[in-house]
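Residue numbers (the working numbering), protein chains in the order written: chain A, 159 to 342; chain B, 317 to 444.
Structure first, then comments.
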Amino acid sequence: MEQGRNSSEIVCEDPVSAHPELFTELAELGAYIRKVRSDLASIGPVSSKQSQIKKATTQLDQVVEATERAANQIMDACDTLQAVASDVGGDSAQKINGAVTTIYEACGFQDLTGQRIVIVNNTLSYVEGKLEELVDMLGVTPEEHGEVQPVKAELDDADLLNGPALAHEANDQSAIDRLLSELG
Amino acid sequence: MAVNMGMPILVVDDYKTMVRIISNLLRQLGFTTIDEATEASRALQLMRVREYGLVISDWNMEPMSGLDLLKAIRSDVKLKDTPFIMVTAESKAENVVAAKAAGVSNYIVKPFNAETLKTKITAVLGVF
Numbered sequence: 159m160e161q162g163r164n165s166s167e168i169v170c171e172d173p174v175s176a177h178p179e180l181f182t183e184l185a186e187l188g189a190y191i192r193k194v195r196s197d198l199a200s201i202g203p204v205s206s207k208q209s210q211i212k213k214a215t216t217q218l219d220q221v222v223e224a225t226e227r228a229a230n231q232i233m234d235a236c237d238t239l240q241a242v243a244s245d246v247g248g249d250s251a252q253k254i255n256g257a258v259t260t261i262y263e264a265c266g267f268q269d270l271t272g273q274r275i276v277i278v279n280n281t282l283s284y285v286e287g288k289l290e291e292l293v294d295m296l297g298v299t300p301e302e303h304g305e306v307q308p309v310k311a312e313l314d315d316a317d318l319l320n321g322p323a324l325a326h327e328a329n330d331q332s333a334i335d336r337l338l339s340e341l342g
Numbered sequence: 317m318a319v320n321m322g323m324p325i326l327v328v329d330d331y332k333t334m335v336r337i338i339s340n341l342l343r344q345l346g347f348t349t350i351d352e353a354t355e356a357s358r359a360l361q362l363m364r365v366r367e368y369g370l371v372i373s374d375w376n377m378e379p380m381s382g383l384d385l386l387k388a389i390r391s392d393v394k395l396k397d398t399p400f401i402m403v404t405a406e407s408k409a410e411n412v413v414a415a416k417a418a419g420v421s422n423y424i425v426k427p428f429n430a431e432t433l434k435t436k437i438t439a440v441l442g443v444f
């Protein structure tokens, strides 16, 4: 208190003038939080079936299934080769068995890739969980996620680059053949 | 007309493993002259130097896709009649429609087997 002043007339410093850098920081922090909320809203509902993370983990699960099927097919074919080798006998049988053994060893890829994919999926699920917490914390509402992207009337070439479809969405060769013949 | 088993065939895929698989299958079918490209732009270069009786191409390649390659071939006066089979994981109906509109000769969806490859080549080139 300044000398001679009444105790009820406490003069406070103007905080903005006193600490301009503090308010600048707070303004920047506010702008950053608004941007993060906007970015989160643009991702779409984090935990819905349509989220990018869910799509990624589903694709990776299908990778594991597909590589397992392929590895089993390879090993089944190897079993056939070994049966032939036992009929052939001699040096040829040894060579065939040697090659089959190499193939079996290489098929171990499926196990290793599967394990790595599980790690990736677990990481993605962890990130998804953290994003959900962040969404809740920042109060991003479903309305802010925006409307569902309208279906385009015409697809351009970039829209056709989707890679392998999920098992339940894919057309098999006979469906493709039917469509081709319908198209003339 | 009998299929010339010595005619050059061009296999295009950015995965070398897939190029190897298709090339091996073609040799098993009896074709003897097979060129390979891992980029569509390279395939186009090869096509301007050598006349191919068939192009077998993947779709999902960058920067130039199999669809881009097909369109480039069909818009080239010298190349436009080259038979072109798309071998791709793209299995949605809109992909088939787009490929057909661009002039694809046939369409094989991955994964495929040797029998399917033979059937589709036969549909395009004739019995061999």
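Ideal placement from N, C-alpha and C gives every residue a C-beta, glycine not left out.
Sequence-distant residues of its chain with Cβ nearer than 8 Å to A/Q240 (five each side left out)
Excluding the 5 residues flanking it on each side, A/Q240 has same chain C-beta neighbours closer than 8 Å at I254, N255 and V258, in chain order.
Name the residue from A/I261, A/D315 and A/E223 whose alpha carbon lies nearest to the alpha carbon of A/I232.
Nearest C-alpha to A/I232: A/I261.
Going by CA-CA distance only, name the one from A/N279, A/I191 and A/E340 that's closest to A/A214.
In terms of CA proximity to A/A214, A/N279 leads the group A/N279, A/I191 and A/E340.
For the 8 Å Cβ check, are there 3 or more pairs between the segment 370-378 of chain B and the segment 323-331 of chain B?
Yes: the two stretches touch, three or more of their Cβ pairs being nearer than 8 Å.
Going by C-alpha distance, which of A/Q331, A/K288, A/E340 and A/E226 is nearest A/Q198?
One point to set straight first is that residue 198 of chain A is Leu, not Gln, in the sequence displayed. Scanning A/Q331, A/K288, A/E340 and A/E226 for the CA closest to the CA of A/L198 turns up A/K288.
Closer than 6 Å by C-beta to B/E406: which residues in its own chain qualify, once you throw out the five before and the five after it? Chain order, please.
So the qualifying residues of the chain are W375.
Start and end of the beta strand (DSSP E) containing B/T349?
For B/T349, there is no enclosing beta strand (DSSP E), as DSSP marks it with neither H nor E.
With a cut-off of 8 Å on the beta carbons, I'd call B/E410 and A/L337 a contact; round off their distance for me.
About 10 Å; that fails the 8 Å criterion.
Nearest neighbour of A/S196, chosen from A/G266, A/P322 and A/G297 [CA to CA]
Of A/G266, A/P322 and A/G297, the residue nearest in Cα terms is A/G297.
Please list the terminal residues of the continuous beta strand (DSSP E) segment that includes A/N280.
Boundaries around A/N280 are those of the alpha helix (DSSP H), F267 to L296, since no beta strand (DSSP E) includes it.
Tell me where the beta strand (DSSP E) around B/M402 begins and ends.
It spans F400 to T404 - the beta strand (DSSP E) in which B/M402 sits, taken as one unbroken run.
For B/F400 and chain A, any beta-carbon pair shorter than 8 Å?
Between B/F400 and chain A, the shortest Cβ-Cβ separation is not below 8 Å.
Quick check on DSSP: helix, strand or coil for B/V420?
In the structure shown, B/V420 sits in coil (DSSP, three-state: anything other than H, G, I, E or B).
Integer-rounded CB distance, given that B/I424 should sit under 8 Å from B/V403:
About 4 Å separates the beta carbons of B/V403 and B/I424, which is inside the 8 Å limit, making them a contact pair.
Please tell me whether B/L383 and B/A415 are closer than 8 Å, where the distance is taken between their beta carbons.
For B/L383 and B/A415, yes; Cβs fall inside 8 Å.
With 8 Å as the threshold, decide whether the Cβ of A/P178 is near any Cβ in chain B.
Not closer than 8 Å to any Cβ of chain B, the Cβ of A/P178 fails to qualify, so no.
Chain B contacts made by the segment 239-267 of chain A, where a contact means CB separation under 9 Å:
If the cut-off is 9 Å between Cβ atoms, the segment 239-267 of chain A has nothing near chain B.
For chain B, check one thing: does any of its Cβ atoms lie closer than 8 Å to the Cβ of A/L218?
Residue contact with chain B for A/L218: absent (no Cβ-Cβ distance below 8 Å to any residue of chain B).
In angstroms, rounded to a whole number, what distance separates the CA positions of A/A316 and A/A251?
CA-to-CA, the gap between A/A316 and A/A251 works out to about 51 Å.
Where in the segment 359-401 of chain B do unbroken runs of the alpha helix (DSSP H), each at least 4 residues long, occur, reported from the N-terminal end onward?
If we require 4 residues or more, the alpha helix (DSSP H) runs fully inside the segment 359-401 of chain B come out as 382-390.
Is the Cβ of B/S357 closer than 8 Å to any Cβ of chain A?
No, because no Cβ of chain A sits closer than 8 Å to the Cβ of B/S357.
At the 8 Å Cβ level, is B/V412 part of the contact set with chain A, yes or no?
Residue-level contact check: B/V412 touches chain A, since one or more beta carbons of chain A fall below 8 Å from its beta carbon.
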